[in-house]
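**Student:** First the structure, which I've put down as structure tokens, then a few questions once you've had a look.
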Amino acid sequence: AQKITQTQPGMFVQEKEAVTLDCTYDTSDPSYGLFWYKQPSSGEMIFLIYQGSYDQQNATEGRYSLNFQKARKSANLVISASQLGDSAMYFCAMRSNNAGNMLTFGGGTRLMVKP
Amino acid sequence: DAGVIQSPRHEVTEMGQEVTLRCKPISGHNSLFWYRQTMMRGLELLIYFNNNVPIDDSGMPEDRFSAKMPNASFSTLKIQPSEPRDSAVYFCASNPSRRADYGYTFGSGTRLTVV
């Protein structure tokens, strides 16, 4: 079975500062993928970034980067230069070969950006 | 690309009534997923189709829930009879299953309220 844990129910960050959202995972499958999604107050789920278990480098997408520490089974999302529009729920998710094509989601972290 | 299209966006129904939620995946995506989101339980996978065939329905809460995918461009999730505890946001998502690095694309969701 695979499991995703997000230990921060809520976080504040000052506008223009960087913030790290934590995610740890558990799987026995050596091949897996890690995803981050953003859910603003409007409710839609927006795909942000992907990290494969065999990727040698940390994934980056604009202001988003993923701090992937495989031995520690962590895949933290780093948002640089926070903007007010970054206020949202953020979900970490995992897909592994053993679990087919199914994404398992963590409980989410609510990020609030202060002006 | 119109994205994943769900209807209706909002549904309010009385306990005991039948509810049908609809989803049109992105053309060419051969995997389709139904998720339910509640405050208490977060995002739960209900059922997963690949090439129109149900692969895993272990997340379907009980016999009152059923899902079909009669063709590659349409799926329904039916609740009969509905109960107040079914109130949630129901998401449909799709992805091309051969792309391990491809995040799901989610629809806008259907907010169901059973009174």
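For the record, the sequence lines run as chains D and B.
Just so you know, my numbering puts 85 at position 85 of the first sequence, and the rest follows in order with no gaps.
Just so you know, my numbering puts 1065 at position 65 of the second sequence, and the rest follows in order with no gaps.
C-beta: ideal position from N, C-alpha, C; glycine also.
Since the model is a prediction, treat every value here as computed from it, not as a measurement.
#1: Taking DSSP's pairing of strands, which residues face residue 1056 of chain B in a bridge?
#2: Return the residue from the list D/87, D/9, D/58, D/100 that minimises the CA-CA distance to residue 1057 of chain B.
#3: Could you tell me the boundaries of the beta strand (DSSP E) in which residue 50 of chain D lies?
#4: Determine the contact status of residue 1090 of chain B and residue 103 of chain D, defining contact as a CB-CB distance below 9 Å.
#5: Report the neighbours of residue 1027 of chain B on chain D: residues whose CB is nearer than 9 Å to its CB, in chain order.
#6: Three-state secondary structure (DSSP) at residue 965 of chain B?
#7: Could you tell me whether any Cβ in chain B is nearer than 9 Å to the Cβ of residue 44 of chain D?
#8: Would you say residue 62 of chain D faces chain B, with C-beta separation under 9 Å as the test?
#9: Give a yes or no on whether 9 Å exceeds the smallest Cβ distance from residue 85 of chain D to chain B.
**Tutor:** Straight from the coordinates:
#1: As a working note, residue 1056 of chain B is residue 56 in the second sequence. Answer by DSSP bridge pairing, in chain order: B/1048.
#2: By one-based count along the second sequence, residue 1057 of chain B stands at place 57. Residue D/100 holds the alpha-carbon nearest to the alpha-carbon of residue 1057 of chain B among D/87, D/9, D/58, D/100.
#3: Locating residue 50 of chain D in the first sequence gives position 50, where the first residue counts as 1. Counting along the chain, the beta strand (DSSP E) containing residue 50 of chain D begins and ends at 46–52.
#4: Counting from one through the second sequence, the residue named residue 1090 of chain B turns up at place 90. Counting from one through the first sequence, the residue named residue 103 of chain D turns up at place 103. No, Cβ-Cβ distance for residue 1090 of chain B and residue 103 of chain D is not below 9 Å.
#5: The residue labelled residue 1027 of chain B in the question sits at position 27 within the second sequence. Within 9 Å Cβ-Cβ: nothing; residue 1027 of chain B doesn't reach chain D, min ~18 Å.
#6: Outside the shown range of chain B, which is 1001 to 1115, sits residue 965 of chain B, and nothing can be said about it.
#7: By 1-based counting over the first sequence, the position of residue 44 of chain D is 44. Yes, residue 44 of chain D counts as interfacial toward chain B.
#8: The residue labelled residue 62 of chain D in the question sits at position 62 within the first sequence. No, its Cβ sits nowhere closer than 9 Å to a Cβ of chain B.
#9: The sequence position of residue 85 of chain D within the first sequence is 85, counting from 1. Not closer than 9 Å to any Cβ of chain B, the Cβ of residue 85 of chain D fails to qualify, so no.
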